[in-house]
Amino acid sequence: MSKISVLFVCLGNICRSPTAHAVFQSMVDKQGLTDKIFVDSCGTGDWHIGRAPDPRSQQHALERGYQMDNLRARLVDDNDFNQFDYILAMDKQNLANLKSMNCQVYTGQLGLFLDFCRNSNYADYSEVPDPYYGGDQGFSLVLNLIEDASTELLRQIVERL
Ligand code: 4NP
701 MSKISVLFVC LGNICRSPTA HAVFQSMVDK QGLTDKIFVD SCGTGDWHIG
751 RAPDPRSQQH ALERGYQMDN LRARLVDDND FNQFDYILAM DKQNLANLKS
801 MNCQVYTGQL GLFLDFCRNS NYADYSEVPD PYYGGDQGFS LVLNLIEDAS
851 TELLRQIVER L
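For the sequence shown, the working numbering begins at 701 and goes up steadily by one.
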């Protein structure tokens, strides 16, 4: 049986999407679904290819028990549209970048990750704000939003398994 696969996409693949990757992977592992769900992340920009996640993202994630030092940034690829059941962008600009790629025949779910948010505290957020040029609060907010959306995404995927 093939796995259900999820790709998280941001701009640099060093802050938001690797955080989503690590958080969602942790939830998948904790539910014993490692063999059934494949998780990956990438960026639409090429500046940080091959780099580990931003140290600030790593530190904030680690404080909540998520390890992400094994991840390395990569660029989105046309072939991702053949590989992934879900391609979830952190913001509208990255979603537009993805839609401008060769995905006319994409049969999976391409959309905004925060469409899966269910916590009313975050109802005002349709995008995960880019924390790169900001302070600690931004990284903490990224984690709050990602934990919430990941919980619902996993619930919906489990229904399909
Ligand atoms: P990310 O954050 O898209 O969440 O990885 C950024 C990282 C780097 C840059 C922009 C956003 N940058 O301009 O280098």
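Don't be surprised by glycine CBs; every beta carbon is placed ideally from N, CA and C.
Contact set for residue i: own chain, Cβ-Cβ below 7 Å, skip 5 residues either direction
i      : result
Leu814 : Tyr825, Ser826, Glu827, Val828, Leu845, Ala849
Asp769 : Ala752, Gln758
Ile749 : Ala773, Arg774, Leu775
Trp747 : Gly712
His760 : Phe839, Ser840, Leu843
Gly745 : Leu711, Gly712
Collapsed DSSP secondary structure at residue i in the structure displayed
i      : result
Tyr786 : strand
Leu795 : helix
Leu812 : strand
Val723 : helix
Gly745 : coil
Ile846 : helix
Ile737 : strand
Ile714 : coil
Leu853 : helix
Nearest-angstrom beta carbon gap, residue j and residue i [assumed within contact, 8 Å]
i      : j      : result
Gly743 : Ser726 : That belief does not hold up - the Cβ atoms of Gly743 and Ser726 are roughly 21 Å apart, past 8 Å.
Ser741 : Phe784 : About 11 Å; that fails the 8 Å criterion.
Leu854 : Val728 : 7 Å
Own chain partners of residue i with C-beta closer than 6 Å, once the 5 adjacent residues on each side are dropped
i      : result
Val706 : Val739, Tyr786
Gln809 : Tyr786
Cys715 : Asp754, Ser757, Pro831, Tyr832
Tyr806 : Phe781
Ile857 : Ile704
C-beta atoms of residue i and residue j nearer than 8 Å
i      : j      : result
Ala722 : Tyr766 : yes
Phe839 : Arg764 : no
Leu812 : Leu795 : yes
Ile704 : Lys736 : yes
Residue closest to residue i, alpha-carbon to alpha-carbon, out of the options
i      : options                        : result
Asn797 : Val805, Asp836, Arg860, Cys710 : Cys710
Asp778 : Ala823, Gly732, Gln804, Ala789 : Gln804
Cutoff 8 Å; reference residue i; Cβ partners in own chain excluding five residues on either side
i      : result
Glu852 : Phe816, Cys817, Arg818
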